[in-house]
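Our numbering numbers the first residue of the sequence shown as 2 and each following residue consecutively.
Heads up, the beta-carbon is just placed ideally off N, CA and C, and yes, glycines get one too.
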Amino acid sequence: MMRILFYGDSNTWGYNTHTGMRYANRFTKQIQKAFPEDEILEEGLCGRTLCHSDPYSLEERNGSKTISMVLKTHEPLDLVVILLGTNDAKRAYGTNALTSLEKGMDLFMHEAMDPDNFKRSIQTPRFLMVTPPKLHKEYASCTRTRIHFGQEGYEMLEQSAMPLKKMADKWQCDFLDLEDIRAGKLDAIHLDEEGHCQVAEKLIKKLGEYR
């Protein structure tokens, strides 16, 4: 049995663009069905970033400021899966894949790997970095997404694998590239039902390597 924490944003929360509520069959629930003996711990928060604070939103959405609390809440853990980066691609934060994702993940991991987070653990859990889903190719047809992300944000998420792989190597973490998995067409940001199934399939295969 493994205790696996999924720390992410609205896609981990399971945001359904049609209803504003959660998908019942979100990818974390599919993973739980695939590994019924494991304890799957969901920590998804809409709007969460790696390290940016939105002056018009909750400070708690800055992932680097809350990861220590979350790790201490759920310890002991065997694996921590990080699924962040989409919100860091917003224009408001200066969208550049190298600065926003590389430096953001570096700061995040500095907080996450603090030994104080694992006082009750026999050993430090493994970490798995996962690239964020790409925006839908027709993102420009959604006015809100076009304004908040623009071409810069779109390109940043297209290029997310390289800076995140670099950070995974630096922090000796495992890495998973979601490759061509994209958000649904409705708002171009959030996974639709098919997207959740695609993410679940990739993660189930990856998690099988830990057995």
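Between residue 127 and residue 79, the C-beta spacing is below 9 Å. Residue pairing for residue 45: DSSP places it in a beta bridge opposite 9. Closest in alpha carbon position to residue 197, among 179, 73, 36, is 179. Spatial neighbours of residue 207 in its own chain (CB-CB distance under 6 Å, excluding positions within 5 residues in sequence) are listed in chain order as 177. Per DSSP, residue 130 is not a residue of any alpha helix (DSSP H); the beta strand (DSSP E) it occupies stretches across 127 to 131.
At least 9 Å separates the beta-carbon of residue 114 from that of residue 164.
Remark: C-beta atoms of residue 190 and residue 87 approach each other more closely than 9 Å.
For residue 80, DSSP records a beta bridge to 5, 127. A Cβ-Cβ separation of about 6 Å places residue 32 in contact with residue 205 under the 8 Å criterion. For a cut-off of 8 Å, the C-beta gap from residue 85 to residue 51 is around 5 Å, short enough to register as a contact. Around the CB of residue 137, 16 or more other CB atoms lie within 10 Å, so the residue is classed as buried. Per the coordinates, the alpha-carbon of residue 168 lies some 12 Å from the alpha-carbon of residue 101.
The C-beta separation of residue 90 from residue 154 comes to about 4 Å, placing the pair in contact by the 8 Å criterion.
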